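Numbering (the working numbering), first residue to last: 4 to 585.
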């Protein structure tokens with residue numbers, strides 16, 4: 004009975020522990036740091052509104068380096084890579100796939116390094132929304148926070164649907180793919196929904212442990228796929244009659260398709276495929292040691308880009324020509340259009356396509372899990388900062404933002420609307436996809452701008468870079484590069500929406516409808532930004548007034564920090580190399 008009672012008590016409100024001091028009350032000693040930090044001006048309660056640490060119950064810090072590392076490696080990898088890359092190979096060709104995914108990989112590295120520098124110093128709930136509030140304009144933090152929350156709320160039902168479609172087409176060679184299988188689609192969605200609810204009821208630890216398992220499966224399958232594809236390409240299986248393929252499909256039918264339009268189409272999709280990497284910034288607020296865990300996790304993103312995207316997709320292009328009919332599926336989440344499944348079938352090993360399909364389904368559930376986690380943490384942070392109803396700031400005794408989590412999970416019910424009818428379902432799916440479209444680009448842009456302004460304020464207020472616990476390897480220039488890439492992707496999306504591939508086959512109404520769907524995120528974030536700015540009369544925060552104190556949780560003194568750096572510099576060369584890469 005005591006176990007059950009403890010479980011019930013876990014849902015009760017947490018007891019306030021007063022973990023953080025109010026910076027306005029005097030010198031601040033940051034959790035064991037022996038150096039009091041002072042801002043350049045007297046901090047008032049108005050200055051700190053929306054960004055200062057409060058004495059409210061805090062999220063439980065139970066994530067370790069292992070969890071953040073695996074979130075960095077595989078968090079957010081789902082149908083965008085395994086399935087969505089197929090239609091883009093069809094539209095742009097292998098050359099566009101490799102170039103665009105590599106460019107977007109570089110972009111995400113610049114964003115993550117900037118986020119890592121900020122999050123290591125300020126492991127604040129809400130991460131990039133809080134940074135926008137602190138370093139740019141409270142209206143920017145409000146707009147970024149709600150835009151990000153809405154994007155994950157729309158992603159949640161989409162991924163439930165994607166997982167159900169994978170099951171529906173599991174035996175598509177034996178069953179009519181246009182008909183439901185033995186289990187109705189709605190029942191499958193309900194099963195996945197309940198599963199994600201149960202995972203998130205275990206808090207951040209439940210989310211992270213599931214991501215650890217899912218990422219391990221993704222890594223094993225993708226590494227195995229690379230090895231298998233190399234064998235098939237070299238003629239090592241009967242599927243190719245033991246003939247060497249090499250790069251013949253880069254020559255016939257060719258490296259590019261649909262010219263510049265095809266390139267731009269892949270360019271935007273490649274960016275969206277990296278969605279979810281930034282969840283690291285939210286998870287670090289629940290990390291037990293962000294100073295060490297976050298830098299390591301950011302470095303691991305490099306291997307995610309190289310192995311999971313660049314090499315894996317290159318092997319796909321060696322085995323699958325862009326004119327393969329199956330690449331153009333009936334829906335955006337049609338598992339039959341997965342280039343990984345098509346490539347594996349080339350080797351004619353019967354069991355392998357089923358294994359990949361299982362991982363695609365697991366990946367869709369994994370992204371659903373990330374959507375519930377990221378959406379709930381952002382909503383909780385908005386409420387904690389006074390930008391959302393206070394009920395969403397509720398934290399129970401287990402350190403879970405319970406109300407925010409349950410509210411976010413409710414959006415999973417939208418997946419059932421997709422199956423109301425063929426026409427209505429398609430409309431719901433398209434609108435959800437449109438809402439989640441450009442949202443991530445605005446988030447990444449805000450991270451870069453926040454980092455640029457943070458560095459400028461840090462220097463202006465008399466601080467040196469040696470005081471920072473971790474520096475972005477690309478520096479502030481990396482943020483400028485990342486911001487430029489994000490702007491280019493938004494421009495490319497505008498071009499794709501206005502002048503889509505096959506525009507001559509569409510009438511004016513269809514083109515206008517598709518343009519609005521492709522750009523709907525832009526007016527949404529503008530309404531949030533200007534609406535909040537007008538109502539609250541906010542302004543861009545001058546560099547000299549930016550608060551560089553509140554929320555800082557550096558856990559060692561400057562002397563210890565310098566000693567650690569000196570020890571790293573005196574390490575043997577091979578250890579320096581390992582530290583650089585890991």
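Glycine included, C-beta positions come from ideal geometry on N, C-alpha and C.
From a predicted model like this one, the values you see are computed outputs, not experimental measurements.
Counted within 10 angstroms of its Cβ, other Cβ atoms place residue i as buried (16 or more) or exposed
i, result
"residue 573", "exposed"
"residue 469", "exposed"
"residue 276", "buried"
"residue 153", "buried"
"residue 318", "buried"
"residue 389", "exposed"
"residue 223", "exposed"
"residue 236", "buried"
"residue 302", "buried"
"residue 221", "buried"
"residue 339", "buried"
"residue 533", "exposed"
"residue 188", "buried"
"residue 254", "exposed"
"residue 252", "buried"
"residue 454", "buried"
"residue 512", "exposed"
Under 8 angstroms between C-beta atoms of residue i and residue j
i, j, result
"residue 452", "residue 523", "no"
"residue 149", "residue 531", "yes"
"residue 256", "residue 541", "no"
"residue 213", "residue 372", "yes"
"residue 145", "residue 535", "yes"
"residue 392", "residue 62", "no"
"residue 96", "residue 209", "no"
"residue 206", "residue 402", "yes"
"residue 271", "residue 94", "no"
"residue 445", "residue 528", "yes"
"residue 171", "residue 285", "no"
"residue 386", "residue 321", "no"
"residue 347", "residue 356", "yes"
"residue 269", "residue 433", "no"
"residue 67", "residue 282", "no"
Closest by C-alpha distance to residue i, when choosing among the options
i, options, result
"residue 547", "462, 478, 493 and 413", "462"
"residue 482", "110, 106 and 97", "110"
"residue 498", "80, 467 and 518", "518"
"residue 107", "71, 490 and 144", "490"
"residue 202", "75, 369 and 418", "369"
"residue 116", "544, 516, 488 and 479", "479"
"residue 169", "85, 128 and 290", "85"
"residue 412", "520, 261 and 161", "161"
"residue 324", "379, 466, 167 and 91", "91"
"residue 114", "555, 477, 554 and 268", "477"
"residue 247", "102, 346, 254 and 233", "233"
"residue 447", "487, 473 and 421", "487"
"residue 544", "139, 418 and 126", "139"
"residue 591", "366, 289, 432 and 305", "The chain is shown only over 4 to 585; residue 591 falls outside these bounds and no answer can be derived."
"residue 241", "351, 375 and 15", "351"
"residue 550", "73, 15, 125 and 306", "125"
"residue 474", "191, 119, 260 and 216", "119"
"residue 105", "310, 459 and 349", "310"
"residue 505", "329, 485 and 262", "262"
N-terminal and C-terminal residue of the alpha helix (DSSP H) that residue i is part of
i, result
"residue 641", "The shown model of the chain, from 4 to 585, leaves out residue 641, and the question about it has no answer."
"residue 439", "Here residue 439 belongs to no alpha helix (DSSP H), and DSSP marks it neither H nor E."
"residue 315", "315 to 322"
"residue 342", "342 to 348"
"residue 495", "478 to 501"
"residue 267", "262 to 276"
"residue 375", "354 to 387"
"residue 210", "206 to 236"
"residue 547", "No alpha helix (DSSP H) holds residue 547; DSSP gives it neither H nor E."
"residue 411", "405 to 413"
"residue 123", "87 to 124"
"residue 537", "524 to 539"
"residue 473", "First-last for residue 473: undefined, no H or E at that position."
"residue 134", "131 to 138"
"residue 245", "Looking at the DSSP string, residue 245 is not in any alpha helix (DSSP H), and its letter there is neither H nor E."
"residue 254", "251 to 254"
"residue 468", "Careful: residue 468 lies outside any alpha helix (DSSP H) and carries neither H nor E."
For residue i, the residue or residues it bridges with in DSSP
i, result
"residue 290", "66"
"residue 16", "399"
Residue i beta carbon near the ligand MN (any heavy atom closer than 7 angstroms)
i, result
"residue 286", "No copy of the ligand MN appears in this structure; indeed no ligand is present at all."
Cβ of residue i within 8 angstroms of any chain C Cβ
i, result
"residue 235", "Chain labels in this structure do not include chain C; a single protein chain is all it has."
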